[in-house]
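Asker: Each protein sequence line maps, in turn, to chains A, B and C.
Heads up, the first sequence is in this note's numbering, so the first residue is 1 and it goes up one at a time.
Heads up, the second sequence is in this note's numbering, so the first residue is 1001 and it goes up one at a time.
Heads up, the third sequence is in this note's numbering, so the first residue is 2001 and it goes up one at a time.
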Amino acid sequence: MNKKWGMAIDLDKCTGCGACQVACMQENNMPIFKDDSDLPKRVTFLDLMKVTNDKDAKKKYGEVQVAFVPKMCQQCEGNNLGAHQPIPLETVKKRVLGGEKVFFPGITYDEQDNMLYKPEVVYTKDMVEDLEKKGVKSVYFDNSQPPCVSVCPVVATDVGDDGVVSQVWSRCIGCRYCQTACPYEARAFNWWNPRYEGDFKKSLNPDVSLSSRGAVVKCTFCSHIWKRERDKLLAKGEKDLNKVKYNPACVSACPTNAIIFGDLNDPESPVYAKKLNNDERAVRLVHSIDKADPKVREKWIAKKNYPNPKVYYLSSQKWLRDILVGFKNS
Amino acid sequence: MKKIERKDFLKLAGGVVGGSVVGTVFSGAPFDGLQWLVEWTQDQYVPARGAETSIQNICQACPNGCNLSIRMIGERAVKVETSNGACPVGQTLLQELYHPERIQTPLKRVGKKGSGKFMPISWEEAVKDIAGKINKIRKDKKPQSIAAINGTHNTAVNQLLGRLVKASGSGHIYHDTCFCDLSKSAVQLTQKVEGSLEYDVENADYILSFGARLMEGWGEPNKMYNSYLKWKKNKAKFVQIDTICTRTASMADKWIPLAKAGTESILAMGIAYQLITKHGKSSNVADLSRWSGLNEFTPQKVSAATGVPVEVIEQTAKEFVSSRKPVAVAGRGGKGVSSSVAEIVAVQCLNKLVDNLGKAGGVYVKMASNPLGEPKLDAIAEAGIKNTKKARGLDEFIAKMENIELLFINEGNPVHRSVYGKKLADKMKDIPMVVSFMPLINDTAMYADYILPTLTVLEIPANEASKAVGARFKAKHTGDIVLEIAKNVEDVSKVFTWASYKDVVKLSGKTELRSAASFSFSTDILKKHFEDLKKKMSEGGSEFNLSLIPFEIPVVGDGRGMALPYVLKSIDGNTFSMGRLYVHMNPETAAKNGVCEGSNIYLISKRGEIGKVRVHLTKTVAPDVVAVPLGFGHEGYTVYADDKGVNPKEIMSDSIDPESGVADWWYTRIKIS
Amino acid sequence: MKSAIEFCKNEWNSYTRKTKIALCVLLGLVALFAIFAIQILFWGLGYTDMNNVFAMGIWIIGDLGLVALGGGAFFSGFLLYIFRKDDLEPLINSTVLIGFMCYLFTFILLVFDIGQPLRAWFGYTYPNWGLHLMPKSMLTEVVWCLTLYFCVLCVELIPIPLKHKVVDKIPFFHYLGHYLHRLMWIMAAVGTFLSFFHQGSLGGGMWGVLYGKPGWFHPHFFFLAIVLATAGGTSFMTLWPYVASKIMKKEIVPMSSFQALAKVSGFMFIFYLSYRIFVVYTLSTVYVPMADRSFIDLLGGYYGLWMLSLELIFSAIPIVLLLVPKFREQEKFMVAGLISGVLAVLFHKLFVVLNGFSIPNFAWRPFMGYNPTIQEWFVMAGALACMALIYMWFAKYMPLFPHLHKHEHHEA
């Protein structure tokens, strides 16, 4: 697939009504407790954070402002260096025949976005010849490295070929190392046995499995809805998975259409990444590298991974952008 | 054959055992066993699968009527999708539908009143008891001792219950206070028609809101959201006047911080003064222009009283008058609106001064409608109505209530919502029969003698074309219950000819919006209001040095959402955390009163004391103001809402507005300890 | 049965009053450990003060501390068997035992710390390997290395009970013990190899790779932890038997052995301190600014600057007290040096974990605090009490101190 799902949240339009949050909880079978006011232990995928600039010593009453920021998993991809550049098969062949050990850090694809090999498979002569036989002219690879995926000791979390970071509840051993690694506090751990009291069980969504106590859970951009839409499309006889379109629960629930969702790679989509990157109103959460001097940025990106999230926040308020993007101006 | 030696046998046995152990380990069986153990010990529930369908309905939680598409798995409703951007209430409907504490059958009280002990009875029994009680009351010639309190919205079902009470012979028909009540009195005073105010904010190009938190559930949320999007598109200007920096204030193009809480009406008059004296609008509201008291509202004086700078007042007046379609909105609050009638009149003066009454982008009057028609009264009923000492509003009714024999509570939760709630609870203990219609037991139903289970929104098909989720338990539609009771009341049954609620709903047609051209009122209302306001602001002298102002948080609203666990999960940590409610205060106030972030305090007004609550310091609140979240402190509204925080209504001002009969609780003088 | 009770009674009565009190306290802690362990394992981690932001707590600090201090075992073994530093011979049994216990209880605490103890084996069956079996996750590396090194420690430990006079009389065990002893240098080599990895990964690499967290990200963290383990671990391995000798009121290890290992510790602290200063310097000048934060801001919380300063001070003291012969030869200064060496490890781990977690992730958030619950405290304290009891048992019934053994022989 050549999709890269992403989100853009227009905070100017966000009234903080909470519809996204409740819709998310309903869709993803969040556990139910009598008292869920122990906030740091709360299990939710989408946190509607109330943000004010009242810590700013220079601001007085009358000058401070309030905003709501819906925060879900930002589906980071790391710097993704070298990814998405076509590499001619000839070059690969030459290097393989020259006795070099050739492998790519991420999944390799052909020009039609068909997955060829898993990450870090060492290419042999036979494999290259096989590709040649198939008529592959060039390959490219994806190199997503979210902060949380590589740290998991049991491969309970992974990046899909649509860039969504998955999490398998039943594989997780609950070491919470991924939570430690996540700069967005987007992962939640089931500190208590998740309960679904009485008839609330009747409203549970069969598409999302329930987690057991002691496992880490997270937002997956409602990828089960993608599967649902895919199945509908397949039933209609459509075979191109790139044609599957969907909206996560929070996006469909937003009454002011403040949250929009789509393919970051698609110039037609409302969340086209290149457009958003140049949008003055757009920032990414705690990601001031976006706003750094291009020379410095290049230097640092070569040296260190940055989360590189796929959720953009748009605001016309400078204070809000500043407080979201980093720590310097707050 | 060689005899097997003991030693060889041991070796062989050892080999077999060892081999099988190794084999078992490598077969993965122990790991599978562990995996099974994992699942067994965790008791993972697997939701049942089933055929996926979707049904279409219309949300009736508010008059706006958003489209709902309900995703069904077999017989289970699992998700509510909203096509035209419904508010969060639509998302909480499933929680209400499948609430484990839904009332399953009619209940009759067995314990002491308020103890919450009930036993199940049959529908026949319940209807017989209630109808019997009405018959007895009517036989005793005391029909004025019947009363009904409806929920906030004036629906056909509420009118049906009102009809039952009226036909039986009582005028005591009230409903949970909402903006309609307040504006109804204002409309009557100024425009001399029956109806409530309907702001056409959507089409306005300058919106001046006097504390109405339009983005926080005010009125019909969806309408406000859509209006906001339209304002952005049309470059309309939205100006919010508020003491607290709410999200509405931040979303507004301009926030006018009202440093002195509770002075919205003074600011309204200040702007009116500007319009009359500076912008030559005196002819539009002649009563006001001639009023001698108007001279009290010079910019300097208003600025001193409200804390809003003179320039801001002048500028706002100028912008307001020079806009094409300006509108001024009254009704302080978000979900729980409170205001005095005089304040609404004062704001209406601004609308009249720019002459936008009955115009697009201005203010309409939504005419009171009675599609069911007036019931024909018999002799007993007519005598009863004549003898009814009708109160003007719910709070006045509660305060003066006596000799009530039968009280109907339909939806709503006045015990929690009204500042007279505690009094109502006390008085309900002495009422021989209290009947409540609701799907979930709440603070008010705790004091009922009969609780009749009703349907939630998703179980009611809105019209012929829509479909509902199958009704749960033995719950019935309120309309059907009322009809059934009415049919068992002698003589009264004649005026209830409908077979089911569906026939009743069909009757309710479109609401009529009317522009009433005339606008005049006695300035005495304003005079009295400003005298009262002055008194209120100095109530308790210097001892009560702070002002209490309520605010609402998303989805909780004024308390309805608290029973729904997914709403509890969405409350932010600066409002309710670790089981403790937080009140918001400016750091200046805190320093003056010797408290700091996280301090435990009690809030004390002339009416009483609530606590403990914790302090959260934020500059979003004006100095000398304590902002308290509404909707907390339930005492009998399912395990999810109970024992969480405190209900500020217990200490809020209980002065009843002389025009509407409803308490104006928004602003209260308090102290902290 | 009766005789067993009789034996226990006699044994108990033979103890001094002080011993009885100490045993009661330790056994009490172990009992509480058992009670709270059941609560945690059966009802989950909700009873701890850890949360979604402060995802790890006192137990992980315990793990890090135990592994780093237990790391003294590999380094002492390495010095003795590979470098032939024979001064350390009298200490080695005790060292192996402490190392063994440290690792054992690291495992036990890890089992408490993970939310799904029943799935703990997933680490072996679904490891996060990358190319050429290079672990991608630091925790995969930790799980495998710890397990393998634990096996090595087990093998190293076996000769001690085999030396017991009762067991030693059986020829098979005598020869087994003898040959195992001769193989020990291989074990020491393997142990050193494995230890280098997991000391680095659990102690430092685990935090250093978290590129989203400016408080931790540093490529040198891995190596820093190894150096710390060699420095602080040896201090610990000297301190423990020294305390034991004071309690037993016997010369169980010759002073020269203590001196020798203390000197090593002091020497290693030179490397550690300079490396640590380099790491702090590069953190503040390169790595934290790369995340657009300032290092001094990150030190603003409850566990900030003061903890780092204490850590550096405690790391500096051993250099003076353990390396300068004038001080080292005075017992009190040597002990003070050893204690501060152990505290340096402790404060390093406390600082890394507590400060790292308390740093706010968003600009509008305050620093987080962490206040372990009674369950966390007692599980931690109970684990330490278990360790003390095991060591006491070994000291009393097993030939843990060959020096003492020889000494007694001479007297006889």
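We treat Cβ as the ideally placed atom computed from N, Cα and C, and that holds for glycine.
#1: With a threshold of 9 Å between beta carbons, is S330(A) in contact with chain C?
#2: Would you kindly report the start and end of the unbroken alpha helix (DSSP H) that includes D1242(B)?
#3: Assuming contact is defined by CB atoms lying nearer than 9 Å, are L1630(B) and M1585(B) in contact in what I supplied?
#4: Taking C-alpha atoms, which residue in N193(A), R195(A) and E229(A) lies nearest to D207(A)?
#5: Nearest CA to the CA of K1230(B): which residue from E197(A), N257(A) and K41(A)?
#6: Kindly list, in the order they appear in chain C, the residues whose Cβ is closer than 9 Å to that of V1038(B).
#7: Is DSSP giving N1150(B) helix, strand or coil here?
#8: When the cut-off is 9 Å and only beta carbons count, does S1577(B) lie next to chain A?
#9: In this structure, what does DSSP give as the bridge partners for D1057(B)?
#10: State the Cα-Cα distance for the pair I173(A) and F2122(C), rounded to the nearest angstrom.
#11: Any C-beta of chain C sitting closer than 9 Å to the C-beta of N80(A)?
#12: Who are the neighbours of T2125(C) on chain B, taking C-beta pairs under 7 Å?
#13: Around the C-beta of I1344(B), are 16 or more other C-beta atoms found within 10 angstroms, so that it is buried, or is it exposed?
#14: Could you work out which residues of chain A lie near T2140(C), taking near to mean beta carbons separated by less than 7 Å?
#15: For chain C, is any of its Cβ atoms less than 9 Å away from the one on L1452(B)?
#16: Counting only Cβ pairs nearer than 9 Å, list the residues of chain B close to Y272(A).
#17: Say whether chain C places a C-beta atom closer than 9 Å to the C-beta of M49(A).
#18: To be precise: take each residue of the stretch 1554-1577 of chain B, compare its Cβ to all Cβ atoms of chain C, and keep it if any distance is under 8 Å. Which residues remain?
#19: Tell whether a beta-carbon distance below 9 Å holds between V1415(B) and M1446(B).
#20: What's the gap between the Cα of L2312(C) and the Cα of M72(A)?
#21: Ordered along the chain, which non-local residues of its own chain (more than five positions away) have a Cβ less than 7 Å from that of A2381(C)?
#22: Would you identify the three-state DSSP class for N1158(B), choosing helix, strand or coil?
#23: Please list, in chain order, the chain C residues whose beta carbon lies closer than 8 Å to that of L1068(B).
#24: Exposed or buried, what is T124(A) when buried is set at 16 or more other beta-carbons lying within 10 Å of its beta-carbon?
#25: Please classify P40(A): does DSSP put it in a helix, a strand, or coil?
#26: Near Y2103(C), what residues of its chain come up, given a Cβ to Cβ distance below 8 Å and the 5 sequence neighbours on each side ignored?
#27: Counting along the chain, where does the beta strand (DSSP E) carrying V1363(B) start and finish?
#28: CA-CA distance, G2232(C) and L2384(C)?
#29: Could you check what DSSP says for A2068(C) in three-state terms: helix, strand or coil?
#30: Cβ of V1308(B) within 9 Å of Cβ of P1257(B)?
#31: Roughly how many angstroms lie between the CA atoms of S1283(B) and S1292(B), to the nearest whole one?
#32: For K1079(B), which residues in chain A fall below 7 Å Cβ to Cβ?
#33: Considering only the beta carbon of each residue, do T2282(C) and H2218(C) sit closer than 9 Å?
#34: With H, G and I counted as helix, E and B as strand and the rest as coil, what does DSSP make of F2007(C)?
#35: Determine, for L1034(B), whether the minimum Cβ-Cβ distance to residues of chain C falls below 9 Å.
#36: May I have the straight-line CA-CA distance separating L1275(B) from G1211(B), to the nearest angstrom?
Answerer: With the structure as the only source:
#1: Reliability of the predicted coordinates at S330(A) is poor, the pLDDT of 44 falling under 50, and the value obtained from them is presented with this limitation in mind. It does: the Cβ of S330(A) has a partner Cβ on chain C nearer than 9 Å.
#2: D1242(B) -> not in any alpha helix (DSSP H); beta strand (DSSP E) instead, spanning K1237 to D1242.
#3: no
#4: E229(A)
#5: N257(A)
#6: Q2116, L2118 and R2119
#7: strand
#8: Closer than 9 Å to some Cβ of chain A, the Cβ of S1577(B) qualifies, so yes.
#9: Reading off the sequence, residue 1057(B) comes out as Asn, not Asp. Beta-bridge analysis with DSSP links N1057(B) to L1068(B).
#10: 7 Å
#11: Closer than 9 Å: no.
#12: F1031
#13: buried
#14: Residues of chain A passing the Cβ test: P153.
#15: no
#16: Within chain B, no residue comes near Y272(A); the closest Cβ sits about 22 Å away, beyond 9 Å.
#17: yes
#18: none
#19: yes
#20: 39 Å
#21: L2029
#22: Annotated three-state conformation of N1158(B) is helix, per DSSP.
#23: Neighbours of L1068(B) on chain C: none; closest Cβ ~33 Å, over 8 Å.
#24: T124(A) is exposed by the Cβ-count criterion.
#25: Three-state result, P40(A): helix.
#26: Result list for Y2103(C): L2066, V2067, G2070, L2146, Y2149, F2150 and L2153, in chain order.
#27: V1363 to M1367
#28: Between the alpha carbons of G2232(C) and L2384(C) lies a distance of about 18 Å.
#29: helix
#30: yes
#31: 15 Å
#32: Q26, E27 and N205
#33: Taking the C-beta atoms as reference points, H2218(C) is found nearer than 9 Å to T2282(C).
#34: In this structure, F2007(C) counts as helix in the three-state DSSP scheme.
#35: yes
#36: 20 Å
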